[in-house]
Each structure stands twice: as C-alpha cells, then as structure tokens.
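Letter by letter, the sequence shown follows residues 6 to 373 in our numbering.
For reference, the structure is listed below as structure tokens.
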Amino acid sequence: MEKLLNGFESLCFDKNLIKIRNKLISEERLDFNDAKAIMETQDINSLGILSSSVKEKMHGKKVYFVVNRHINPSNVCAISCKFCAFGKPKGHSDAYEMSMEKILSLVSNELKEIHIVGGLHPDWKFEKYLEIIREVSKAAPDAHIKAFTAVEIDWFSQISGKSVSKVISDLMNAGVDALPGGGAEIFSPEVRKKICTPKTTGDSWLEIHREAHKQGLPSNATILYGHLESYDDVIDHVSRLRDLQDDTNGFFAFIPVLFQPFNTRLSKVKPFPFSYDLKIHSLARLYLDNFPYIKAYWITLGEKAAQVALHYGVSDADGTIVSEKIIHDAGAKSEIGHTRDFFVKMIKDAGYLPVERDALYNELKIYE
Ligand code: V47
6 MEKLLNGFES
16 LCFDKNLIKI
26 RNKLISEERL
36 DFNDAKAIME
46 TQDINSLGIL
56 SSSVKEKMHG
66 KKVYFVVNRH
76 INPSNVCAIS
86 CKFCAFGKPK
96 GHSDAYEMSM
106 EKILSLVSNE
116 LKEIHIVGGL
126 HPDWKFEKYL
136 EIIREVSKAA
146 PDAHIKAFTA
156 VEIDWFSQIS
166 GKSVSKVISD
176 LMNAGVDALP
186 GGGAEIFSPE
196 VRKKICTPKT
206 TGDSWLEIHR
216 EAHKQGLPSN
226 ATILYGHLES
236 YDDVIDHVSR
246 LRDLQDDTNG
256 FFAFIPVLFQ
266 PFNTRLSKVK
276 PFPFSYDLKI
286 HSLARLYLDN
296 FPYIKAYWIT
306 LGEKAAQVAL
316 HYGVSDADGT
326 IVSEKIIHDA
336 GAKSEIGHTR
346 DFFVKMIKDA
356 GYLPVERDAL
366 YNELKIYE
C-alpha cells in the first residue's frame, strides 16, 4: 500500500479516486458510489495504482497460473443463448459428442486441473456425466477436477428429478473438486433476458453456488461483459457476489470474461475500449474485497492485454488450457493454449513472480 501513501495525490487527477484511496488505507469497504466512480473514471493510471496496490497487499508480487486442460464433452445444447457460438442443436452438422475413449485420451496425470463443461445435452442422462467424472478421476488421480457450471447443475437436477443438493453431492462423490464460474453471465434479469433466455436465472445461479459452498465444494464466479450491460448492471453483479461470499466464503476466483461477438446472434454489438477491460478488472479487485483471486482470462482478453491486466488487480493468469473451443468458436484471437514456460515468461516480463498452483490454489512451485 506504500504507493498509495506516497505521492498518489500528486499523480491522481480524479478526486473520487482519492476518496477511494483514503477508504482503502482505512480499510473501509467500497460502496455503490465508489464502484460507479471506478467505472466512470478517466484516470486509468491512478486506478491501476489503486488496484495493483491492493493486489500486492494481498499476494505480494505473486501471480498464479495452473497447468490445466479444458474438455468439452459435447456442444449439443438444448437451449440457445444469443451470445454463444459453441452450442449446437442436436443433428446440426457441427454438433459433436466425444466418446469416453476420446475424453480419456485428453487426460493425463501431468495436469493439475481438468476443467470440464459443455452443452445441455437433450439425451444424456445425469449418470453419463457422473461416469465421465469417475473415469477422468481414475485416469488422472493427481489432477483436480473442476467441472460443470451452475447452469449444468440446474439442468442435471431437471433431467434426473434429483434436488440440486443431491446433484452436487453425487458430483462430489464421483470426483468433482470445484465448480467453474461459468454461466453467471450477467445477473440483471433485463439484460439476461436479452442475451440468454431461457437460461438459469441469476438468483438460481447464486443459490446453486451457495449450496455447493455449504457442502464444502469451492467455486469460481464469472461476469460476461462487453455486450448490452450498463455500469449499474456490472456493479449489481459484483455486489451480489460480494454478498454471497460474505455468507459462504466459498469462492476462489472472480473472472471477467470479455464477450466475443463472431458467429453469435449479438454480432452487431460495438466493441468497447480497452480502458473498459481495465476498469472491470480493477473494480473486481477493489470491490470484491472478500475474493482471494482475480483472474485475467487471456483467452478472451488476448495474451498482451492479460499481461497488462496484471497491473490492474489481477493475481491469476489462468492456465495452459491446451485447447479452448467455446470462445474460439466466437472468434477469439488468442492462441487455443499455451505452455508452462509461456506463463513463467509472461508473468516475469510484467514484473511479477510466477507461482504454479493447483485447482485449489495450493502453491506447487515458485519461479524465482
Ligand atoms: O459462461 C460463451 C462464456 C463461459 C462466449 O471457473 C463466452 O476457472 C465470451 O466460465 N464470448 C464459460 N464468452 C467460460 C468460463 C470459465 C473460463 C475460464 C475459467 C473459468 C473458471 C471459467 O464462456 C460462459 C460464457 O460466459 N462464453 N460464449 C462468447 N461468445
């Protein structure tokens, strides 16, 4: 926090940020007006000083990454969200279903985290998803499995007739170690209606994570931004997450996911300036004072922008991923995966200390 004490006032030309700096020093929680000031500021450099100071107070120079892999067993999806280019109706020429053999061929014990999500398949039974988890868990006993968004859990509950609580305990018994943060999109019912009806509501998404945390299953949370949302929608989203985290303390990371329009039914959405990405990551770090990690999702941001975001409150660079499909179907320009060495260099070149982690944020190796 030294940077905030020494000379901040002489650099900063936004008096609202000076107020926020004073609150951070006196450890006072930011409120709606502070969040609005962050989203409206023109003083991006000072915002970076604020958010990186808080990040460094929490983690020093450490920035985490994980050797992970994404697996999407099928893109067949019973619903069609306007922002999504991945999901396909059954029988579509681009629809696919992986066999168990194919899924297991993607798994290795070198991986520390296996991230499994996919479409809401109209024919697959809940038992099939449990079987995938059991088999992956057997094939890679040292890897943590982070699988199925709250939207999938809601779907499993509908197709199996089991309660959300039972679905979660069955998944945990099969080998799920954490839930990914996807499906949160934006909680505002008005915007959600425009981009993804008839998906799980924001309230249900939050209740499913509350139940997971109650059962000891940690999770992440995302926001999909850069489409039709207003600043107030963004602030409402992070406020609801902060409230839930106050109750459960079950979230690890918050992940801003930048909307990619290509091949989607929202392709006419105008691009936002890069300052908007930096504001969202900074807001996340400053407002979500109870979230341990803010993640830069390099797949949507692009590698260079993700590196810049390390100076705007980000403490986690996600991971190797190997082969990303959901966002690349919507035109992401980043690579589909990267090596461990890439992250070590990317983090070091930004002036931070790379720390390899597992899915539960245990530190595995510090790259001095
Ligand atoms: O919820 C779909 C997003 C998400 C598009 O928990 C799109 O560690 C941008 O949740 N443009 C899934 N985004 C991704 C996700 C995630 C990613 C990395 C790490 C973690 C984690 C979770 O993908 C969906 C949706 O918001 N998505 N289509 C699109 N066109």
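The beta-carbon is built from N, C-alpha and C at its ideal position, and this holds for glycine as well.
Within its own chain, the residues whose Cβ lies closer than 6 Å to the Cβ of Ile54, once the five positions on either side in sequence are excluded, are Lys8, listed in chain order. For Val262, the shortest separation between its Cβ and any heavy atom of the ligand V47 lies below 7 Å. For Leu293, the closest of Ser110, Asp39, Lys20 by C-alpha to C-alpha distance is Asp39.
In the three-state reduction of the DSSP assignment, Ala90 falls in the coil class, being assigned neither a helical nor a strand state. Distance from the Cα of Glu157 is smallest, within the candidate group Glu140, Ala183, Leu125, Ser142, for Leu125. Only residues of its own chain outside the window of five on either side were considered, and among them Ser162 have a CB closer than 8 Å to the CB of Ser168, listed in chain order.
Separation of the CB atoms of Val81 and Pro127 is rounded to 7 Å, and the pair is thereby assigned contact status at 8 Å. Straight through space, the alpha carbons of Leu233 and Phe18 are spaced by roughly 29 Å. Set against 7 Å, the gap from the CB of Cys82 to the closest heavy atom of the ligand V47 is not smaller. For Gln250, the CB contacts under 8 Å within the same chain, skipping 5 residues up- and downstream, are Phe256, Leu293, Asn295, Phe296 in chain order. Residue Ile285 holds the alpha-carbon nearest to the alpha-carbon of Glu45 among Ile285, Val112, Asp346. Distance from the CA of Asp48 to the CA of Leu22, rounded to the nearest whole angstrom, comes to 8 Å. In this structure, Pro223 has its CB at a distance of at least 7 Å from all heavy atoms of the ligand V47.
Pro223 and Ala183 do touch by the CB rule: their CB atoms are close to 5 Å apart, below 8 Å. Below 8 Å, enough C-beta pairs join the region 207–222 and the region 147–156 to call them touching: three or more. For Lys370, the beta-bridge partners assigned by DSSP are Glu361. Nearest Cα to Val327 within the set Gln312, Ile304, Gly336: Ile304.
The three-state secondary structure of Leu229, taken from DSSP, is strand. Looking at the backbone, the Cα of Glu14 and that of Lys198 are separated by about 43 Å.
Its Cα nearest to that of Gly187, the residue Asn225 stands out among Arg245, Ser320, Asn225, Met177.
Under the three-state reduction of DSSP output, Asp182 falls in the coil class, being neither helix nor strand. The beta carbon of Ile121 lies closer than 6 Å to those of Ile76, Ala152 in the same chain, with the five residues before and after it left out.
For the ligand V47, no non-hydrogen atom lies closer than 7 Å to the CB of Thr325. Contact check for Lys117 and His149: beta-carbon distance about 7 Å, within the 8 Å limit, so the pair qualifies. Take Glu373, set aside five residues on each side of it, and the residues of its chain with a beta-carbon closer than 8 Å to its own are Leu358, in chain order. For Lys28, the enclosing alpha helix (DSSP H) covers residues 20–30. Distance from the CA of Ile25 to the CA of Leu288, rounded to the nearest whole angstrom, comes to 11 Å.
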